[in-house]
Every structure is written in C-alpha cells, then in structure tokens.
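Note sheet for the following structure.
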Amino acid sequence: MMTSVCMSGGGMALMGLFGLLVLAFIALGVAALIKYLFSSPRL
C-alpha cells in the first residue's frame, strides 16, 4: 500500500502532510510535558 502511494504523483504531498501531522503531535506532547513539569510542585 505504501509503495503504491509513493509511486503516485501525490505521494510527496501525502508524505509532507503526514510529516506535518507527526511534527504537530510531537510539539503537542512536548508542550504538555513542559506544562506538567512546570505545574508540578515537586521539581
């Protein structure tokens, strides 16, 4: 399935969108972790 998607013309756009989604999820996780660490009284 992935090979057929990569072979198509819109493969690069799809991979770019997937990369942006992964980056957004990572950024959300890091922000939540930082907020949790700073809000925690026991540092």
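Reading the sequence shown from the start, the letters are residues 1 to 43 in UniProt numbering. Built from N, CA and C at the ideal position, the CB exists for glycine as well.
Start-to-end residues for the alpha helix (DSSP H) that takes in residue i
{"i": "Gly16", "result": "11-39"}
Straight-line gap, residue i to residue j (C-alpha atoms, nearest Å)
{"i": "Leu28", "j": "Pro41", "result": "22 angstroms"}
{"i": "Leu20", "j": "Ala31", "result": "16 angstroms"}
{"i": "Tyr36", "j": "Phe18", "result": "27 angstroms"}
{"i": "Ile26", "j": "Gly16", "result": "15 angstroms"}
{"i": "Val22", "j": "Phe38", "result": "24 angstroms"}
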